[in-house]
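Chemist: Protein chains in written order, with the numbering used here: chain A, 1 to 200; chain B, 1001 to 1200. Even for Gly, the Cβ is constructed at its ideal location relative to N, Cα and C.
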DNA sequence: TCCCCCTTTGACCGATTCGGTCATTTTCTT
DNA sequence: AAGAAAATGACCGAATCGGTCAAAGGGGGA
């Protein structure tokens, strides 16, 4: 890529990054069209290719950028001393909500990238694939599982939380004018209820 | 459409329906390609258009067919006397699992159809849109909500169930060789756990 | 004011893919 | 054997794709 991209006004950089994330997240590498991306970003097609060389180049840059971004967000909102499973989940959620305030589609983009099947897209990424999920996993190891009551399987509970928070996010995104804060607030209510039910 | 479609061997009908459902469910109306559908169904392109006239025609037929199919499945597995919320959820699940044994992508296809934004696709469907969700809603009204303990919000619980069962289904589908039965069995474990936690 | 250079544009390219057609072949029925 | 129905797949024009490039725009130094 062309490093001069970073000399652009921050606002323009973000517009381009956001638009690209959105289309890759929603349609996958293959069906995301560069025409749509530049239209959304409000720039010309030539400019996009001037800075990123190719569609694969753009995709690789985005993945790397998102990875670094989310890693920082995650480490700045999680507390290594917290041992309550649900409070850790809330910290992770908070870091994601904060990230989405700048790039609404980061989370979705990264999830989609992990399922990508197009060889070129995989190749553009495979070097930097030190998954965020590992990081999340490490944090969750700190959790004190013994607080779960008998009859509350913490593995199932974890899956339910994953699916529910993801489904809720998609629902909020689908209903135009996505507000990360509103999503976060509702998500916390879900987490708190499950916490209440899972402990003695 | 051409009514002679129903004179085809049942197995061929199902192959065509399944393939079409799959691609519409996975890619939406616009990005589902008739070339891919006929390749999957193992028929020629001419035949598809011979029976359904156009892509929209095929889509409309599929929606109507799926709607009728699921309506029957639903009414044959739900018991009007059941008042336990979670048991009703299990009956609905059972009807869906049974449906997926014949058409693995019915459920996904119908969900996707409700979110469709392409005008032609909406038009091909809008007459028959007496949503299944209403039917499900009616059945759930029978549920005895008072059994939920304080602190267990039955509305949130309903959403959590929706998101979790859907997420679990997608997970099973993504992991090739989808088995409706295995999905159903795991889903029941989720439901049972939430039932245990939600009642006194 | 003029010039230079970097940014930015969008018309354009060849390739591919799309929904849909139709002359032709294969299969079935009698 | 013959006629009808089922089935094929090469083909069509249109649209869309990723990517190029000559030219326009614009800001700053002399």
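Compare the C-beta of residue 1108 of chain B with all C-beta atoms of chain A and state if any pair is closer than 8 Å.
Modeler: Taking the second chain and counting its residues from 1, one reaches residue 1108 of chain B at position 108. Chain A contact via Cβ: absent.
Chemist: Taking DSSP as the reference, what is the three-state secondary structure of residue 190 of chain A?
Modeler: Within the first chain, the letter at position 190 stands for residue 190 of chain A. Helix at residue 190 of chain A.
Chemist: I believe residue 1020 of chain B touches residue 1037 of chain B by the beta-carbon criterion, under 8 Å. Please report the beta-carbon distance rounded to the nearest angstrom.
Modeler: Against the second chain, residue 1020 of chain B aligns to sequence position 20. Against the second chain, residue 1037 of chain B aligns to sequence position 37. Indeed they touch by this definition, with Cβ atoms about 5 Å apart.
Chemist: Enumerated in chain order, which unbroken segments of the alpha helix (DSSP H) with a length of 4 residues or greater are wholly contained in the stretch 103 to 130 of chain A?
Modeler: Here the runs fully enclosed are 106 to 114 and 119 to 123.
Chemist: What did DSSP end up calling residue 148 of chain A once you bin it into helix, strand or coil?
Modeler: Mapped onto the first chain, residue 148 of chain A falls at position 148. It is a strand residue.
Chemist: Is the CB of residue 1031 of chain B under 8 Å away from at least one CB in chain A?
Modeler: In the second chain, residue 1031 of chain B corresponds to position 31, counting from 1. So, interface residue.
Chemist: Should the stretch 1139 to 1146 of chain B be regarded as contacting the stretch 1081 to 1092 of chain B, the criterion being three or more beta carbon pairs within less than 8 Å?
Modeler: Yes, the stretch 1139 to 1146 of chain B touches the stretch 1081 to 1092 of chain B.
Chemist: Chain A beta carbons: is any one of them nearer than 8 Å to that of residue 1176 of chain B?
Modeler: To locate residue 1176 of chain B, count along the second chain from 1; it is residue 176. It does not: the Cβ of residue 1176 of chain B has no partner Cβ on chain A nearer than 8 Å.
Chemist: Assuming residue 47 of chain A is part of the alpha helix (DSSP H), what are its boundary residues?
Modeler: Along the first chain, one-based indexing puts residue 47 of chain A at 47. From DSSP, the alpha helix (DSSP H) with residue 47 of chain A extends over 45 to 52.
Chemist: Leaving aside the five residues before and after residue 51 of chain A along the sequence, list all residues of the same chain whose C-beta is less than 6 Å from its C-beta, in chain order.
Modeler: Start at 1 with the first residue of the first chain, and residue 51 of chain A comes out as number 51. Excluding positions up to five away in sequence, the list reads 2 and 5.
Chemist: What residues from chain A crowd round residue 1160 of chain B, counting only those whose CB sits closer than 7 Å?
Modeler: The count along the second chain starts at 1 and reaches residue 1160 of chain B at position 160. The answer, in chain order, is 160, 164 and 190.
Chemist: The alpha helix (DSSP H) that contains residue 1029 of chain B, what's its start and end?
Modeler: Working through the second chain from its first residue, we reach residue 1029 of chain B at position 29. Here the alpha helix (DSSP H) through residue 1029 of chain B covers 1010 to 1031.
Chemist: Are at least three pairs of beta-carbons, each pair with one atom in the stretch 1145 to 1161 of chain B and one in the stretch 1056 to 1075 of chain B, less than 8 Å apart?
Modeler: These segments do not touch.
Chemist: Can you find a CB in chain B that lies within less than 8 Å of the CB of residue 209 of chain A?
Modeler: Outside the modelled stretch of chain A, which goes from 1 to 200, sits residue 209 of chain A, for which no answer is possible.
Chemist: In chain B, which residues lie with their C-beta within 9 Å of the C-beta of residue 36 of chain A?
Modeler: Position 36 of the first chain, counting from 1, holds the residue named residue 36 of chain A. Residues of chain B passing the Cβ test: none, with the nearest at roughly 13 Å.
Chemist: Determine whether the beta carbon atoms of residue 197 of chain A and residue 1152 of chain B lie at a separation below 8 Å.
Modeler: In the first chain, residue 197 of chain A corresponds to position 197, counting from 1. In the second chain, residue 1152 of chain B corresponds to position 152, counting from 1. Yes. Within cutoff.
Chemist: I'd like to check one pair, residue 1090 of chain B with residue 1188 of chain B: are the Cβ atoms closer than 8 Å?
Modeler: Numbered from 1 along the second chain, position 188 holds the residue referred to as residue 1188 of chain B. Numbered from 1 along the second chain, position 90 holds the residue referred to as residue 1090 of chain B. The answer is yes: Cβ separation under 8 Å.
Chemist: Figure out for me which residue from A:49, A:29 and A:27 has the closest Cα to the Cα of residue 16 of chain A.
Modeler: Position 16 of the first chain, counted from the first residue, corresponds to residue 16 of chain A. Nearest option by C-alpha distance: A:49.
Chemist: When you compare the stretch 1121 to 1132 of chain B with the stretch 1066 to 1073 of chain B, are there three or more beta-carbon pairs, one atom per stretch, that lie closer than 8 Å?
Modeler: Because the criterion of three Cβ pairs below 8 Å is met, the stretch 1121 to 1132 of chain B and the stretch 1066 to 1073 of chain B touch.
Chemist: To the nearest angstrom, report how far apart residue 102 of chain A and residue 168 of chain A are at their CA atoms.
Modeler: Working through the first chain from its first residue, we reach residue 102 of chain A at position 102. Working through the first chain from its first residue, we reach residue 168 of chain A at position 168. Cα-Cα distance, rounded: 19 Å.
Chemist: Going along chain A in order, which residues have a C-beta closer than 7 Å to the C-beta of residue 1168 of chain B?
Modeler: Position 168 of the second chain holds residue 1168 of chain B. Result: 163.
Chemist: Going by Cα to Cα distance, which pick from B:1200, B:1111, B:1164 and B:1166 is closest to residue 1024 of chain B?
Modeler: Within the second chain, residue 1024 of chain B is the residue found at index 24, counting from 1. Checked all of B:1200, B:1111, B:1164 and B:1166; the closest Cα to residue 1024 of chain B is B:1111.
Chemist: Given that residue 153 of chain A touches chain B, what residues does it touch there, using C-beta distances under 7 Å?
Modeler: Indexing the first chain from 1 puts residue 153 of chain A at position 153. Here the neighbours are 1193.
Chemist: Can you name the residues of chain B whose CB is closer than 8 Å to the CB of residue 156 of chain A?
Modeler: As a working mapping, residue 156 of chain A is identified with position 156 in the first chain. Neighbours of residue 156 of chain A on chain B, chain order: 1189, 1190 and 1193.
Chemist: Is residue 1125 of chain B near residue 1030 of chain B, with beta carbons less than 8 Å apart?
Modeler: Counting from 1 along the second chain, the entry for residue 1125 of chain B is found at position 125. Counting from 1 along the second chain, the entry for residue 1030 of chain B is found at position 30. Contact: no.
Chemist: Would you kindly work out how many angstroms separate the C-alpha atoms of residue 55 of chain A and residue 26 of chain A, rounded to a whole number?
Modeler: Indexing the first chain from 1 puts residue 55 of chain A at position 55. Indexing the first chain from 1 puts residue 26 of chain A at position 26. So the alpha carbons of these two residues sit roughly 16 Å apart.
Chemist: Cα separation between residue 1173 of chain B and residue 8 of chain A?
Modeler: Start at 1 with the first residue of the second chain, and residue 1173 of chain B comes out as number 173. Start at 1 with the first residue of the first chain, and residue 8 of chain A comes out as number 8. Roughly 43 Å between the two C-alpha positions.
Chemist: Out of curiosity, what's the CA-to-CA distance linking residue 1122 of chain B and residue 78 of chain A?
Modeler: Taking the first residue of the second chain as position 1, residue 1122 of chain B is located at position 122. Taking the first residue of the first chain as position 1, residue 78 of chain A is located at position 78. For residue 1122 of chain B and residue 78 of chain A, the distance between alpha carbons rounds to 45 Å.
Chemist: From the DSSP output, read off the bridge partner residues of residue 199 of chain A.
Modeler: As a working note, residue 199 of chain A is residue 199 in the first chain. A:148, per the DSSP bridge assignment.
Chemist: Any idea what DSSP makes of residue 1064 of chain B, helix, strand or coil?
Modeler: The residue given as residue 1064 of chain B occupies position 64 in the second chain. Reduced to three states, the DSSP call for residue 1064 of chain B is helix.
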